[in-house]
Each structure stands twice: as structure tokens, then as C-alpha cells.
Amino acid sequence: MRYYDRLVFELSKPGRVGFSLPDASEGLAALSGIDSRLMRSVPARLPEVTEVDVVRHYTNLSQMNFGVDTGFYPLGSCTMKYNPKVNEEISGVFADVHPLQPESTLKGVKTVYDCLGKSLSAITGMKKFTFLPCAGAHGELTGLMLIREYHLRRGDTARTKVIVPDSAHGTNPASAAVCGLEIVQVKSDASGLVDVESLKPLLGPDVAAIMMTNPNTLGLFESNIKSIASMVHEAGALLYYDGANMNPLVGVARPGDMGFDVMHLNLHKTFSTPHGGGGPGSGPVGVGEKLVDVVDSQKVSGFHGNFAVMLRALAYILMLGRQNVGMVGRLSTLNANYIKESLKDSFKLPIPSVCKHEFVFDGLADDGSDGGSRPGASTLDVAKRLLDFGFHAPTIYFPLLFHQAIMIEPTETESLETMDAFIDVMHKIAEEAKKDPEVLRSAPHTTPVGRPDETAAARNPILKYSFE
Amino acid sequence: MSNIKEGLLYSESHEWVYVDGNVAIIGVSDFAQEEMGDITYVDVPCAVDDVVKAGEDFGALESVKASSDLYSPVSGTVVAVNAALDANPAAINEDPYGAWIIKIEMSDTSELDSLLKPAAYAQIAK
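Protein sequences, first through last, are from chains A and B. Note that the first sequence covers residues 150 to 617 in our numbering. Note that the second sequence covers residues -10 to 115 in our numbering.
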């Protein structure tokens, strides 16, 4: 990989162009009616470059990138599955539609929404979906607002609390707080599941909902979900399902059948639409029978969400078909357990039970420290060393329950050969740590950028290019 | 092994308290700063004269790893907030027992009885 760190502005030379534009003076004259306060006094500092400059610049940058099209990307909690190219083809077919064109001309679009809604309902057991939310956390907020509205409509104004497990994704308490609700934490038991005994006393007439992801962030299936659901419903509260970990359940089990009332899906995770780097996402919210009226009357709309993402998700579902969709959950679960079992001698496995789509190690079994002057290798060091072998690092230091957490999610995408190659490298890194942890502590050795100073970047961020 | 300073009281959420008459001076323990890693931002939105309750959060510390809430070990009225930490959050990493975060005039000094002595805190700070 060749090191390349230029900014397109650094390539700029005054007057250099890639395209000859017609004389603009006539057009500028037509703008004379515009308030001068709204006009630029100085021309925008656009880079002046030739076409080949632009092509080489972005091609060079793209070659420094790592994506699921380049290699294995076991980023836990993110479901970095392969995004089939047919999705892109299909989404391009609808490139010319506009949200403001007359509804009578959008029959095909409506069919896409209907068909995707039905498919997602079949997969999740929810009655109805709304497609507005553009990301998972956006879906959480929408879902919580629906829950609040549901209680208010029953004349119940006392429900101001949301229960969140200590293993939850950070977005859960954040969404609840943005929704104006108070967060109450319920702890996990020794097996990593929601502690039912601790949950009981928290339930009461002031609880609006419990937010859960199942399997949870340790990749463990909340096997008490049915009894949790009846406890929560008995207390008059609702169950919210965070769909971030839906992948192992696809075609196998349905949140609706477990008793969840509201949920979101991350189409960009579970349904193979591109993500990472900020979007575009899609977080449709599904509701059970109780909340269908609320969704219908609240008009959760505006525009219609990220339509091109929905097209990709629908293409993915239809390409799998009813007979193959169940392989998603089964294979992603099998793959995660295969890696977990293959590596558990080299890495600490705090919760040894069968996992679903992902699992968590708590650092190296032997970090190589001698208890004195030789410091050991941390989880961060393992992650950095993986880059030298051409693998993306897994998620690290999450969930917070374990201090050296390494969270691995292979998805159903990967072949046995790819996983074996990853397992070999992880064993090799563990051996290196035992012999000479410094090899890990100074990694990566082969990437264009070594260890960026994250502390300096957080304390003194430079957010703007200085032309001078 | 982290440093646990004598002469202070500790909370289970890793804040330390130095009792100066009626005023509680509060910071976070060496163990806490070690666990968090490099602290990048000290977020204490409360101001002098605000009332805080024991066990409730009065702010948060952000590090490169995570954001952690700060819980007040005592109830009372805020008498000072360490504004110097705005510009220099690293002071907490460098000198956790010198870098106080907030001072609270206590409304109920009996709350101090439920805090941990250094020996007891050593049992959980590991």
C-alpha cells in the first residue's frame, strides 16, 4: 500500500481546469436582483485541477481504504456483511423519482414500500412498519416517541422511566434521554443475561418501556425473554426491541413472537445495504397490534426515508427468497461459534456459552507481561497488530462490562477459508504477545499510518484546513 | 496497583472526598483515571449555588475510551467548580488527587458515614 496523504487543495494551481465552462458574465448579471448580503464577496476556494489529477487523487485515497470488498471485517455489533452488487443495480433503476412528484405517478415506489413492509413484518412478527427513520438511533427515538404517545392516549401520564440493561448499546439510554425519559439501569447476571430478579422491583406504574437487544451485546440470547415480556406487560409497560443484533434471528425467530411491541431494524446492517463512514442508513420502525393506531394517526412521515436504501434491502430479501432467508441467522451464528471455539485457548472467554452472531473475549489469555518491567499487550495492541495481517480490527472496549473487550462478528458472508486464515493470525498474535509483547505494542508496522495520537486529536482537534 | 490516598473517603463509583469542615472537595480516584485512560474533556454543567443530591450525577468525564458519569458522594450546594480542568483535562490523569473537580457545601454530613475508608475502597479498586 503506497502512502498518500495529499489534500485535493494541495494539488490546486490557479487557472488549471478539467472542463471548459461557458462565459458566466451573462448569468451573473441576472443575479443582480439578489440582496448583496447574500452574495459572496470572495470567490469560493475550489480546487483547480485537471481531470487526471482528480481521478488519481481519489483513486489513491480509495486504495488506502479498507472495506468489506477488500477483506474480512469482523467489527462486532456492526454486521459488516457483504453488500451484493445486484442491490446497486436495482437501486439505480429508481434514480429519477422525486418525493414531490404526484402520487399517481409513484405506483411502483408504493409497491416497493408495501412489499418491503410485508417482508419485514413476516421476518419480525410486527404488524406494521414506518420507513421514515434514517438510522438505528433515529428509529429508537421514533419508537420511544410512539411509546410515549401510546401511554398518553390511555390517559397515563406517570410513565416517565425507561429500563435499559447495563449491556445495552449506548444509543438506548441516549435515545431515551433525548425523548425526555428517565433511564433506569438493570444489571446482568453472571451468565451475561438480564437479571430477572433485579428487574422485578424496577417495574411499576412509572415505567414506560424496557429497551432490549436480543441477542444482547455479548451475543447471548436472552432466554428469559418470554417471562420478562409478561412481567413488563403485567406492569403496564411496553417492550422495545433494538434491532441492531437482528442478524442471527433472521428466518429463525421473531421479536414479535417474543412479546416485543415496538422495534427498529437497521437495514444497513441486517439487510446488506452499505454502511460505515456515516451512512446512508435506514432504521424502519415496526409496531405490534397495540400501536398500529398510534403509527397511523401520528403520521410518522414527512418524506419517506432513504428510499434507495430500502430498494437495496428489498432486492436482498427477494434474492434470498423465503427458502434461503433462514440461512442468514443460522450461518452467522455458526460462524461466530466456530471462531469463538477456535480461539478460546488464546483469548479469555468470560462467558463460555453458545453465542449467536457475535461474542466477546476479555483480552489475551497471556498478555506477555512479566509483572515487572515488561508491560503486556492490551486489546488495543492486538487490534493494531491485526492490521499488519490485512484484517480489519474487531470492535474493542465494548461492551463496557469487560475491561479488555474484543467483540467479533464474522456474519454469514465469510467462507471457512477466510475464517481459518483469521483464526491462524489471531493465534499467531497471541504467541507473539507471549514471546515479545513489544511487537504488538508498536504495531501496526506495515500500514501507511501507524498509531494516530487519539488523545491529542480529542483534546486539540484541528477541524479545518488552513490554506496558509 | 493504583494509588489510594490516605485521609480521603471514597465512593463505590470511584469518586474521592476530602472533608474540609462543612465542605466536601471531590475528585476521581487514581484507579478511575487509570481505567478511563487519557481524559479529553471534563463536562461539569452545574454552577455555584446549584443543589446536588448524593448519588446523582453532576457531570461526566470523557476519555478516548468512553464517557463516564460523575456521581456526587454527598448532598449539598455547589460552592466551586474547577474551571482550570476545561483547558487541562489531563491534570486528572497526572495528579488525580490534586485535580479536584467540584466543591460542595454539605447539607447532611452524616452521609459521609456511608462512604468507604481507604482500606475498604482498596477492595473494590482492582
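Even glycine gets a Cβ: it sits at the ideal position worked out from N, Cα and C. This one's a predicted model, so the numbers in the text were calculated from it and none came from an experiment.
{"query": "According to DSSP, residues forming a beta bridge with A:V246", "result": "DSSP lists no partner for A:V246."}
{"query": "Where A:S376 falls, given that 16 or more other Cβ within 10 Å makes a residue buried", "result": "exposed"}
{"query": "Chain B contact residues for A:T562, given Cβ-Cβ distances below 9 Å", "result": "Within 9 Å Cβ-Cβ: nothing; A:T562 doesn't reach chain B, min ~29 Å."}
{"query": "Three-state class that DSSP yields for B:Y60 in the structure shown", "result": "strand"}
{"query": "Interface residues of the segment 598 to 609 of chain A facing chain B [CB-CB below 7 Å]", "result": "E603, T604, A607, R608"}
{"query": "Cβ neighbours of A:G512 in the same chain (closer than 6 Å, five flanking residues each side left out)", "result": "K497, T528, Q553"}
{"query": "A:F547 vs A:F571 beta-carbon contact at 8 Å", "result": "no"}
{"query": "Per-residue DSSP class, three states only, for B:D32", "result": "strand"}
{"query": "Chain-ordered chain B contacts of A:L549 [CB-CB under 8 Å]", "result": "A55"}
{"query": "Chain B contact for A:Y390 (CB, 8 Å cutoff)", "result": "no"}
{"query": "Option in B:D75, B:V33, B:I(-7) with minimal Cα separation from B:D19", "result": "B:I(-7)"}
{"query": "Close-in-space but distant-in-sequence residues of the same chain around A:V356 (CB under 7 Å, 5 per side omitted)", "result": "R308, K310, I312, A384, A386"}
{"query": "Cβ of B:D27 within 8 Å of any chain A Cβ", "result": "yes"}
{"query": "Same chain, Cβ closer than 7 Å to A:D338, neighbours up to 5 away in sequence not counted", "result": "D344"}
{"query": "Minimum Cβ-Cβ distance from B:P34 to chain A less than 8 Å", "result": "no"}
{"query": "Residue environment, A:H594, which counts as buried when at least 16 other CB atoms sit within 10 Å", "result": "exposed"}
{"query": "Min CB distance B:P78 to chain A below 8 Å", "result": "yes"}
{"query": "Entirely enclosed alpha helix (DSSP H) segments - the segment 244 to 315 of chain A, minimum 4 residues", "result": "256 to 273, 285 to 302"}
{"query": "Sheet register partners of A:M412 (DSSP bridge)", "result": "A:Y390, A:G435"}
{"query": "Where the alpha helix (DSSP H) through A:G405 begins and ends", "result": "404 to 407"}
{"query": "Whole-Å CB distance - A:P282 paired with A:V434, under 8 Å assumed", "result": "6 Å"}
{"query": "Rounded distance between the beta-carbons of A:P397 and A:T482, thought under 8 Å", "result": "5 Å"}
{"query": "Validate contact between the segment 48 to 64 of chain B and the segment 83 to 93 of chain B using beta carbons, cut 8 Å, 3 pairs", "result": "yes"}
{"query": "Exposure label - B:Q112; buried when at least 16 CB within 10 Å", "result": "exposed"}
{"query": "As assigned by DSSP and simplified to three states, the class of A:V166", "result": "coil"}
{"query": "A:Y152 at chain B interface by Cβ criterion, 8 Å", "result": "no"}
{"query": "DSSP state of A:Y153 mapped onto helix, strand, coil", "result": "coil"}
{"query": "Neighbourhood of A:V401 by C-beta, 7 Å cutoff - its chain only, sequence neighbours within 5 removed", "result": "G475, G478, R479"}
{"query": "4 or more residues per run - each alpha helix (DSSP H) lying fully within the segment 515 to 600 of chain A", "result": "528 to 537, 565 to 584, 586 to 590"}
{"query": "As assigned by DSSP and simplified to three states, the class of A:Y487", "result": "helix"}
{"query": "Cβ-heavy atom distance, A:V343 to the ligand ZN, below 7 Å", "result": "Because no ligand of any kind appears in the structure shown, any question about the ligand ZN cannot be addressed here."}
{"query": "Whole-angstrom distance between A:E581 and A:K336, CA atom to CA atom", "result": "36 Å"}
{"query": "Any 3 or more C-beta pairs closer than 8 Å across the segment 6 to 13 of chain B and the segment 60 to 79 of chain B", "result": "yes"}
{"query": "Helix, strand or coil at A:D172 [DSSP, three-state]", "result": "coil"}
{"query": "Within chain B, the residues that A:Y546 reaches when beta carbons sit closer than 8 Å", "result": "K54, A55"}
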